[in-house]
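To convert, count from 1 in the sequence shown and add 193; that's this note's numbering. Glycine included, C-beta positions come from ideal geometry on N, C-alpha and C. Bear in mind the structure is a predicted one, so any value in this text is a computation, not a measurement. Right, one structure below, let's go through it.
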Amino acid sequence: MVDFALVALIALVAAYAGGVATIVRLRPAGPARALLEGVGVAASVAASFALMLVLARVWLPGTIIVAALLAGCVLYGTLLRDLGAARAGGTAAAGGLLIGASFLFVSYLAVMALIGAAGVHLVLRLWLRTRPALLIMGGALGVLLAASAGVFALALSSM
Numbered sequence: 194m195v196d197f198a199l200v201a202l203i204a205l206v207a208a209y210a211g212g213v214a215t216i217v218r219l220r221p222a223g224p225a226r227a228l229l230e231g232v233g234v235a236a237s238v239a240a241s242f243a244l245m246l247v248l249a250r251v252w253l254p255g256t257i258i259v260a261a262l263l264a265g266c267v268l269y270g271t272l273l274r275d276l277g278a279a280r281a282g283g284t285a286a287a288g289g290l291l292i293g294a295s296f297l298f299v300s301y302l303a304v305m306a307l308i309g310a311a312g313v314h315l316v317l318r319l320w321l322r323t324r325p326a327l328l329i330m331g332g333a334l335g336v337l338l339a340a341s342a343g344v345f346a347l348a349l350s351s352m
């Protein structure tokens, strides 16, 4: 059985991702289309976590592989416009490996940290140039992964 707190956290992350997508697409797509796209992103994020949860029951190494692949896809989609296909692909591969390795220690929180950092980048990219937005994204990912490790350690110590 899945813990209620994990389901609530997944719902919050999905809502965050949908909200970021709506904000980013608001000007180019219009309010109705942006809201529709945001709902689609939120549903996709929730479905991705559901896939990982189901796969964790069947084959745990597969969950780590799926988490790394999903992280790579999220990073590629986030960075493609700013870095171009070749650089975005390399960065996405490295980021996917980082999230896959982090998944071994903090489980689903690593993927949530990446979604949080990618959202920060996409929103900041509306107002900042590429380099500052990427630097802030990297810092946000580091802070969120460190916070995830702290939360996970705290949760394990109270068991």
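With 16 other Cβ atoms within 10 Å as the buried cut-off, status of Ala261: buried
Gly288 in three-state terms, based on DSSP: helix
Local conformation of Met330 per DSSP, three classes: helix
Segment limits, alpha helix (DSSP H) that includes Arg220: 197-222
Nearest-angstrom Cβ-Cβ length linking Met305 and Val206, presumed shorter than 8 angstroms: 5 angstroms
Same chain, Cβ closer than 7 angstroms to Ala284, five either side skipped, listed in chain order: Checking the displayed sequence, the identity of residue 284 turns out to be Thr instead of Ala. Same-chain partners within the cutoff: Leu268, Leu272, Leu276.
Gly255 and Leu246 closer than 8 angstroms at C-beta: no
Under 8 angstroms between C-beta atoms of Ser300 and Leu338: no
Delimiting residues of the alpha helix (DSSP H) encompassing Arg274: 253-276
Cβ-Cβ distance between Val234 and Ala210 below 8 angstroms: yes
Straight-line Cα distance separating Leu302 from Gly331: 16 angstroms
Beta-carbon separation (whole angstroms), Val316 vs Val232, contact threshold 8 angstroms: Actually they are not in contact, since the Cβ atoms of Val316 and Val232 sit about 18 angstroms apart, beyond 8 angstroms.
Secondary structure of Arg318, DSSP reduced to three states: coil
With 16 other Cβ atoms within 10 Å as the buried cut-off, status of Ala236: exposed
Closest Cα partner of Ala204 within the set Ala243, Ser341, Pro224, Leu219: Ala243
Neighbourhood of Ala239 by C-beta, 6 angstroms cutoff - its chain only, sequence neighbours within 5 removed: Ala207
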